[in-house]
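Encoded as C-alpha coordinates, the structure appears first; notes follow it.
Residue numbers (our numbering): 2 to 144.
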(Lines of atoms letter the chains of each structure in order from A and count residues from 1; the text may use other names and numbers.)
(Lines give C-alpha, C1' and ligand atoms only; values in the text may rest on other atoms or scores of the structure.)
Protein backbone atom coordinates (compact mmCIF):
# COMPACT_ATOMS: atom_id res chain seq x y z
CA UNK A 1 0.00 0.00 0.00
CA UNK A 2 1.20 3.48 -0.75
CA UNK A 3 1.64 6.15 1.92
CA UNK A 4 -1.39 8.11 0.65
CA UNK A 5 -3.57 4.96 0.62
CA UNK A 6 -2.60 4.30 4.25
CA UNK A 7 -3.41 7.88 5.28
CA UNK A 8 -6.85 7.80 3.65
CA UNK A 9 -7.61 4.37 5.16
CA UNK A 10 -6.67 5.52 8.68
CA UNK A 11 -8.68 8.76 8.33
CA UNK A 12 -11.75 6.77 7.30
CA UNK A 13 -11.27 4.46 10.30
CA UNK A 14 -11.10 7.35 12.78
CA UNK A 15 -14.26 8.89 11.33
CA UNK A 16 -16.10 5.55 11.57
CA UNK A 17 -15.12 5.11 15.23
CA UNK A 18 -16.63 8.52 16.03
CA UNK A 19 -19.90 7.43 14.43
CA UNK A 20 -20.15 3.76 15.47
CA UNK A 21 -18.24 3.31 18.72
CA UNK A 22 -15.79 0.68 19.92
CA UNK A 23 -17.48 -2.30 18.29
CA UNK A 24 -16.30 -0.91 14.93
CA UNK A 25 -12.80 -2.12 14.12
CA UNK A 26 -10.36 -0.89 11.49
CA UNK A 27 -10.57 -3.43 8.66
CA UNK A 28 -8.65 -3.98 5.45
CA UNK A 29 -10.97 -6.06 3.33
CA UNK A 30 -9.59 -8.95 1.36
CA UNK A 31 -11.39 -10.89 -1.33
CA UNK A 32 -15.13 -11.07 -0.72
CA UNK A 33 -15.09 -14.89 -0.69
CA UNK A 34 -12.21 -15.10 1.79
CA UNK A 35 -12.88 -17.25 4.86
CA UNK A 36 -9.96 -15.85 6.93
CA UNK A 37 -9.46 -12.84 9.15
CA UNK A 38 -6.07 -11.76 10.49
CA UNK A 39 -6.32 -10.02 13.90
CA UNK A 40 -3.96 -7.27 15.10
CA UNK A 41 -3.76 -5.00 18.11
CA UNK A 42 -3.66 -1.80 16.02
CA UNK A 43 -4.37 -0.48 12.54
CA UNK A 44 -0.71 0.23 11.75
CA UNK A 45 0.14 -3.44 12.34
CA UNK A 46 -2.68 -4.58 10.03
CA UNK A 47 -1.46 -2.23 7.29
CA UNK A 48 2.16 -3.25 7.89
CA UNK A 49 1.23 -6.94 7.65
CA UNK A 50 -0.52 -6.38 4.31
CA UNK A 51 2.51 -4.41 3.08
CA UNK A 52 4.86 -7.14 4.34
CA UNK A 53 2.87 -9.76 2.44
CA UNK A 54 2.99 -7.66 -0.72
CA UNK A 55 6.75 -7.03 -0.37
CA UNK A 56 7.45 -10.74 0.05
CA UNK A 57 5.39 -11.76 -3.00
CA UNK A 58 2.35 -13.02 -1.10
CA UNK A 59 -1.23 -12.02 -1.84
CA UNK A 60 -2.27 -9.53 0.84
CA UNK A 61 -5.92 -9.93 -0.22
CA UNK A 62 -5.97 -13.58 0.91
CA UNK A 63 -7.96 -12.53 3.99
CA UNK A 64 -9.33 -9.52 5.81
CA UNK A 65 -7.16 -7.71 8.35
CA UNK A 66 -8.82 -6.41 11.48
CA UNK A 67 -7.41 -4.24 14.26
CA UNK A 68 -8.85 -5.13 17.64
CA UNK A 69 -8.01 -1.71 19.06
CA UNK A 70 -5.95 -3.28 21.82
CA UNK A 71 -7.06 -6.54 23.37
CA UNK A 72 -10.86 -6.22 23.16
CA UNK A 73 -12.83 -8.70 21.02
CA UNK A 74 -15.99 -6.60 20.40
CA UNK A 75 -14.88 -5.57 16.92
CA UNK A 76 -14.00 -9.17 16.00
CA UNK A 77 -17.37 -10.43 17.21
CA UNK A 78 -19.15 -7.80 15.13
CA UNK A 79 -16.99 -8.53 12.07
CA UNK A 80 -17.70 -12.28 12.33
CA UNK A 81 -21.44 -11.66 12.72
CA UNK A 82 -21.37 -9.51 9.57
CA UNK A 83 -19.19 -12.01 7.63
CA UNK A 84 -20.51 -15.55 8.27
CA UNK A 85 -18.26 -17.00 5.54
CA UNK A 86 -15.22 -16.31 7.77
CA UNK A 87 -14.43 -19.48 9.74
CA UNK A 88 -10.65 -19.08 10.18
CA UNK A 89 -8.96 -16.59 12.50
CA UNK A 90 -5.22 -15.91 12.40
CA UNK A 91 -3.88 -14.23 15.54
CA UNK A 92 -1.20 -11.68 14.58
CA UNK A 93 -0.81 -9.81 17.86
CA UNK A 94 2.39 -8.27 19.20
CA UNK A 95 5.24 -10.62 20.02
CA UNK A 96 5.29 -9.81 23.74
CA UNK A 97 3.78 -11.31 26.89
CA UNK A 98 0.56 -9.27 26.67
CA UNK A 99 0.07 -10.11 22.98
CA UNK A 100 0.61 -13.81 23.60
CA UNK A 101 -1.77 -13.88 26.60
CA UNK A 102 -4.44 -12.08 24.59
CA UNK A 103 -3.80 -14.35 21.61
CA UNK A 104 -4.27 -17.45 23.73
CA UNK A 105 -7.52 -16.05 25.17
CA UNK A 106 -8.75 -15.23 21.66
CA UNK A 107 -7.86 -18.76 20.58
CA UNK A 108 -9.65 -20.36 23.52
CA UNK A 109 -12.78 -18.17 23.22
CA UNK A 110 -13.23 -18.52 19.46
CA UNK A 111 -12.22 -22.18 19.18
CA UNK A 112 -15.02 -22.81 21.69
CA UNK A 113 -17.37 -20.98 19.27
CA UNK A 114 -16.37 -23.30 16.41
CA UNK A 115 -13.72 -21.22 14.62
CA UNK A 116 -10.35 -22.52 13.43
CA UNK A 117 -7.66 -20.38 15.06
CA UNK A 118 -3.94 -20.25 14.29
CA UNK A 119 -1.08 -17.90 15.11
CA UNK A 120 1.28 -15.77 13.03
CA UNK A 121 3.52 -13.75 15.33
CA UNK A 122 6.20 -11.45 13.95
CA UNK A 123 9.83 -12.17 14.80
CA UNK A 124 10.13 -8.50 15.82
CA UNK A 125 8.04 -6.79 18.53
CA UNK A 126 5.12 -6.10 16.18
CA UNK A 127 4.23 -6.16 12.47
CA UNK A 128 5.22 -2.56 11.86
CA UNK A 129 8.71 -3.25 13.22
CA UNK A 130 8.82 -6.45 11.15
CA UNK A 131 8.05 -4.44 8.00
CA UNK A 132 10.71 -1.84 8.82
CA UNK A 133 13.27 -4.61 9.40
CA UNK A 134 12.38 -6.19 6.05
CA UNK A 135 12.78 -2.84 4.29
CA UNK A 136 16.21 -2.40 5.90
CA UNK A 137 17.31 -5.80 4.60
CA UNK A 138 16.05 -4.95 1.11
CA UNK A 139 17.86 -1.59 1.21
CA UNK A 140 21.12 -3.35 2.18
CA UNK A 141 20.74 -5.70 -0.80
CA UNK A 142 20.20 -2.77 -3.15
CA UNK A 143 23.73 -1.45 -2.53
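Positions of the beta carbon are idealized from the N, C-alpha and C atoms, including for glycine.
Give every residue of the same chain whose Cβ lies closer than 6 Å to the Cβ of residue i, excluding the five residues on either side of it in the sequence, and list them in chain order.
| i | result |
| --- | --- |
| residue 128 | 46, 49, 50 |
| residue 43 | 68 |
| residue 107 | 92 |
| residue 118 | 90, 108, 111, 112 |
If you reduce the DSSP assignment to three classes, tell me which class residue i lands in.
| i | result |
| --- | --- |
| residue 130 | helix |
| residue 72 | coil |
| residue 29 | strand |
| residue 65 | strand |
| residue 88 | coil |
| residue 95 | coil |
| residue 83 | helix |
| residue 34 | coil |
| residue 60 | coil |
Is the Cβ-Cβ distance between residue i and residue j less than 8 Å?
| i | j | result |
| --- | --- | --- |
| residue 52 | residue 132 | yes |
| residue 88 | residue 29 | no |
Here's a check: name, in chain order, each residue in its chain whose Cβ is nearer than 8 Å to the Cβ of residue i, leaving out the five neighbours to either side.
| i | result |
| --- | --- |
| residue 110 | 74 |
| residue 63 | 31, 32, 35, 37, 54 |
| residue 57 | 135 |
| residue 96 | 122, 123, 124, 125, 126, 127 |
| residue 137 | none |
| residue 105 | none |
| residue 60 | 54 |
So which of the options has the shortest CA-CA distance to residue i?
| i | options | result |
| --- | --- | --- |
| residue 101 | 138, 126, 70, 59 | 126 |
| residue 123 | 94, 72, 28 | 94 |
| residue 114 | 60, 59, 61, 81 | 81 |
| residue 116 | 59, 98, 86, 27 | 86 |
Leaving out the 5 sequence neighbours to the left and right, which residues in its chain are closer than 7 Å to residue i when beta-carbon positions are compared?
| i | result |
| --- | --- |
| residue 71 | 42 |
Just checking, does the region 29 to 40 make contact with the region 60 to 78 on the three C-beta pairs under 8 Å criterion? Between the region 29 to 40 and the region 60 to 78, the count of Cβ pairs shorter than 8 Å is three or higher; the stretches touch.
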